[in-house]
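What follows is a set of notes on a single structure, which appears directly below.
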Amino acid sequence: MENQYDGVIAFAIVVLVLIILWVIPIWFGLKWAKIKGVSKLWMLFGIHPMTGWIAYLVLRFGIDPKKQCEKCKESIKLQAQICRYCGNQMSQEAINRAIEHYNTRKK
Ligand SMILES: [Zn+2]
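In this note's numbering, the protein residues as written are 2 to 108.
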């Protein structure tokens, strides 16, 4: 009977690990998505919810913020003063507006 008891403990540990690695990130992600107003679909991104988190973090912090050039419509760096495609010069006001737009979209 002792071996059977060990099996139950091992099973409980496996379940516990699954909950920690799987259920908690999903639960936390859904809760967080609700607070932030972010799509819950991020958490369905991968088979494991952590891939959703990783994909989200890479997209949010790993990629330079971009804006669209008013003239040629190419995406350029948010802080750029001159478009690298068409040489369009942007006023500081336009840059600030783009940054503001980016920040409101981010939330
Ligand atoms: Zn341009």
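Yeah, the Cβ is synthetic: ideal placement off N, Cα and C, and Gly gets one too.
- Distance from the C-beta of Lys78 to the nearest heavy atom of ligand 1 is not below 8 Å.
- Note that the C-beta distance between Lys68 and Leu79 is below 9 Å.
- For Leu19 and Lys74, the gap between their C-alpha atoms comes out near 47 Å.
- Not a single heavy atom of ligand 1 lies less than 8 Å from the C-beta of Tyr57.
- Setting aside the 5 residues that flank it on each side, Val15 has no residue in the same chain whose C-beta is closer than 7 Å to its C-beta.
- Taken atom to atom, the span from the alpha-carbon of Leu58 to that of Lys32 is near 17 Å.
- Take the alpha-carbon of Trp54 and the one of Leu60: they are about 10 Å apart.
- Residue list for ligand 1: Cys70, Lys72, Cys73, Glu75, Cys84, Tyr86, Cys87, Asn89 (CB closer than 6 Å to any heavy atom, chain order).
- In the three-state reduction of the DSSP assignment, Gln80 falls in the coil class, being assigned neither a helical nor a strand state.
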